[in-house]
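Q:
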Amino acid sequence: ATAATAAMVWFRKGLRVHDNPALDAARRYEAGAGAASARLYPVFVLDPRYLRPDPVASSPGSARAVVARIRFLLESLSDLDARLRRLGSRLLLLRARDDVADAVCAALKDWNIGKLCFESDTEPYAQARDKKVTDFALASGIEVFTPVSHTLFDPAEIIKKNGGRPPLTYQSFVSIAGEPPDPAMEEYSELPPLGDTGEYELLPVPTVEELGYGDISQEEIPPFRGGETEALRRMKESLQNKEWVAKFEKPKGDPSAFLKPSTTVLSPYLKFGCLSSRYFYHCIQDVYKSVRNHTKPPVSLIGQLLWRDFFYTVSYGTPNFDRMKGNKICKQIPWKENEELFVAWRDGQTGYPWIDAIMIQLRKWGWMHHLARHSVACFLTRGDMFIHWEKGRDVFERLLIDSDWAINNGNWLWLSCSSFFYQYHRIYSPITFGKKYDPNGNYIRHFIPVLKDMPREYIYEPWTAPISIQKKANCIIGKDYPKPVVDHETASKECRKRMGEAYASSRLDANPTKGKTLNSSR
Ligand code: FAD
């Protein structure tokens, strides 16, 4: 065989040019002595696991990624391609017939690659996929470089420092973690020349329609556009207001603010790696340097990024992290099966406007405020319905544009009082919690238009409105909008009782943080 003269950077997450150590290593690749100057192959492979549209694309019960997230991904790919083109390169978009690993291995061989670079990914699906590719590459004499750049810290490193086990409290995590490495922000104006792709069919970035997502012209397009360019713009815009950054205190934000959300909405950009968390961290530190006082972890903006790393680390070091059975840090709770209640929750039909508006925002936008997520997760599980957190997790996993395996599972474990947080008697009221922030119910009126003319005093409890008022508001409860599917007072009492019994019978032997509430301030 001829000497390898090319490097491949394989994009998966990390859809950016800034702070991208895998891209950096690939562009620095030097072919062996006497060889022509090295070529670069920047590759992304469309994965049918996520992309195959459903026969019923809008079916709420479907397991596939929702179209809004696919659109966000495609926008991110277009932006990445444009940014690579500005550096004299481009994105080589391939489509895997079924297995992404097979497609990458074939390209490695056909293009005579000497070095393969990709960002390390801790999710179980990615681990298996990447192992297959790495094994193939090493066996073929290809050098492999897999830097950690999706998170601030290397989860494996933290687990090692903690004696082989992941730290299970935020505080212990933070004290072990220390300061993250600086982002690699070296500027350059050119990438090495593109390698020859021979017979390969290169795709232009498709539209969602071209991918087979039926008629979506009627769907509301979420107000967040994908891509590194938008991520950097959005981050700058958020950080411009130094006072806001300095005073950021997570539990105090307004979950009902939707026109101008009270947090950064950078989560989808961090999820796809359009924004580097290390660069974000670094820019927040710069703001801190220019103000006199600022909030601290866990409630500060930096504190939020540490939560992200915390869940990444715990999820990486915990077998069966994404389920109750076989998961050592998860309390074993005899959740109830109730398909009717579950469907009402999933489809925003519980009869509690605060809960339903959040679930409709989830369906339409793929993003909701953190405390809104708290409200609906609590309601489904230990608050009102006593339904398994895994069922709620699945719905979020499909519908969120920021859907993230480690963070989503971690937060569902938390909210259901299955792990990390155990104050199960503290239940969010589906009536008074939202009212505190938004007494007029503007959030509800926006996402549930049928309630838009319901007078303010009934907007959180429309079933209590006299029939004459319901008629005047053009919304008859039980006909135009559902009656409550559970009575919060009795349901929450029953849930507390069941949680108490489950806790008593499990005794939590396996849980080293039992009884403590170290993680309570988020
Ligand atoms: P900001 O408050 O501006 O925070 C900045 C960044 O910090 C976020 O973008 C995110 O990356 C990180 N962050 C913030 N809160 C948390 C947290 N509690 N845990 C871990 N990281 C955090 N977030 C996801 O990114 N993906 C998910 O799939 C996801 N599922 C969730 C499920 C439930 C049940 C709950 C309660 C929360 C979930 N979160 C998830 C965490 C959190 O709600 C979102 O990260 C946050 O609301 C995103 O908005 P933001 O970017 O404006 O956050």
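According to full-length UniProt numbering, the stretch in the sequence shown is residues 4 to 525, in order. Ideal Cβ positions, reconstructed from N, Cα and C, are used throughout, including at glycine. Quantities reported herein were computed from a predicted structural model and do not represent experimental measurements.
What whole-angstrom Cβ distance do Leu77 and Leu18 have, given they're in contact under 8 Å?
A: Not confirmed; about 11 Å, so no contact.
Q: Going by DSSP, what residue range makes up the alpha helix (DSSP H) through Leu96?
A: No alpha helix (DSSP H) contains Leu96, which is instead part of the beta strand (DSSP E) from Leu95 to Arg98.
Q: Could you tell me whether the region 249-259 touches the region 425-435, where touching means 3 or more Cβ pairs closer than 8 Å?
A: no
Q: For Leu402, is the classification buried or exposed, using 16 other Cβ atoms within 10 angstroms of its Cβ as the cut-off for buried?
A: buried
Q: If distances are taken between C-alpha atoms only, which option among Thr267, Ser152 and Gly91 comes closest to Leu197?
A: Gly91
Q: Candidates Phe148, Ala99 and Leu97: which alpha carbon is nearest Glu122's?
A: The candidate whose alpha carbon is nearest that of Glu122 is Phe148.
Q: Mind checking whether Ser280 and Leu83 have CB atoms under 8 Å apart?
A: Not a contact, by the Cβ cut-off of 8 Å.
Q: Under the rule that 16 or more other beta-carbon atoms within 10 Å means buried, what is Tyr203, buried or exposed?
A: exposed
Q: On the DSSP bridge assignment, give the partners of Tyr44 in chain order.
A: Met11
Q: According to DSSP, which residues form a beta bridge with Phe275?
A: DSSP, once it has assigned bridges, lists no residue as partnering Phe275.
Q: Would you call Pro254 buried or exposed, if buried means 16 or more other Cβ atoms sit within 10 Å of its Cβ?
A: exposed
Q: How about Pro45 and Val12: are their beta carbons less than 8 Å apart?
A: yes
Q: Would you say Asn411 and Glu400 are within 8 Å of each other, going by their C-beta atoms?
A: yes
Q: Please report the Cβ distance between Tyr291 and His297, rounded to the nearest whole angstrom; I am assuming they are in contact, meaning their Cβ atoms lie under 8 Å.
A: The C-beta distance from Tyr291 to His297 rounds to 5 Å, short enough to fall under 8 Å.
Q: Pull up the CB-CB distance for Tyr484 and Leu454, whole angstroms please, since I reckon it's below 8 Å.
A: With 8 Å as the limit, Tyr484 and Leu454 qualify as a contact, their Cβ atoms being about 6 Å apart.
Q: Below 7 Å, is the gap between the Cβ of Phe156 and the nearest heavy atom of ligand 1?
A: no
Q: What alpha helix (DSSP H) runs, 4 residues minimum, are completely inside the region 426-459?
A: 435-440 and 445-450
Q: Within the same chain, show all residues whose beta-carbon is closer than 6 Å to that of Lys118, passing over the 5 residues directly before and after it, in chain order.
A: Ala10, Tyr32 and Glu146
Q: Where does Leu365 sit, in a helix, a strand or coil, going by DSSP?
A: helix
Q: How many whole angstroms separate the CB atoms of Cys333 and Ser421, which I take to be in contact at a CB cut-off of 8 Å?
A: 5 Å
Q: What is the residue span of the beta strand (DSSP E) that Val147 lies within?
A: In the DSSP assignment, Val147 falls within the unbroken beta strand (DSSP E) covering Glu146 to Phe148.
Q: Whose C-beta lies closer than 8 Å to the C-beta of Ser293 among residues of the same chain, with five residues either side of it excluded?
A: Lys245
Q: Return yes when the C-beta of Phe382 is under 7 Å from any heavy atom of ligand 1, and no when it is not.
A: Relative to the non-hydrogen atoms of ligand 1, the Cβ of Phe382 never comes closer than 7 Å to any of them.
Q: Locate the alpha helix (DSSP H) running through Cys120, then write down its first and last residues.
A: No alpha helix (DSSP H) holds Cys120; the beta strand (DSSP E) holding it covers Ile116 to Cys120.
Q: Quick one: measure Cβ to Cβ for Pro169 and Thr321, integer angstroms, because I've assumed they're closer than 8 Å.
A: 6 Å
Q: Answer yes or no: the CB of Asn411 versus the heavy atoms of ligand 1, is any distance below 7 Å?
A: yes
Q: Using C-beta distances below 8 Å, list every residue in its chain close to Tyr506, excluding the 5 sequence neighbours before and after it, in chain order.
A: Lys334, Tyr425 and Tyr427
Q: Between which residues of its own chain and Thr467 is the CB-CB distance below 8 Å, once the five residues before and five after are set aside?
A: Tyr461
Q: So, does the region 254-272 touch the region 368-386, judging by three or more C-beta pairs under 8 Å?
A: yes
Q: DSSP state of Leu194, grouped into three classes?
A: coil
Q: Would DSSP call Leu49 helix, strand or coil?
A: strand
Q: For Ile484, list the residues DSSP reports as bridge partners.
A: Strictly speaking, residue 484 in this sequence is Tyr, with Ile absent from that position. DSSP, once it has assigned bridges, lists Ile480 as partnering Tyr484.
Q: According to the neighbour-count rule (16 or more other Cβ atoms, all chains shown, within 10 Å of its Cβ), is Asp312 buried or exposed?
A: When all chains shown are included, Asp312 counts as buried.
Q: Roughly how far, in whole angstroms, is the beta-carbon of Ile451 from the beta-carbon of Ala360, given that I think they are within contact range, below 8 Å?
A: 5 Å
Q: Exposed or buried, which one is Lys482 when buried takes at least 16 other CB atoms within 10 Å?
A: Exposed, by the Cβ-count rule.
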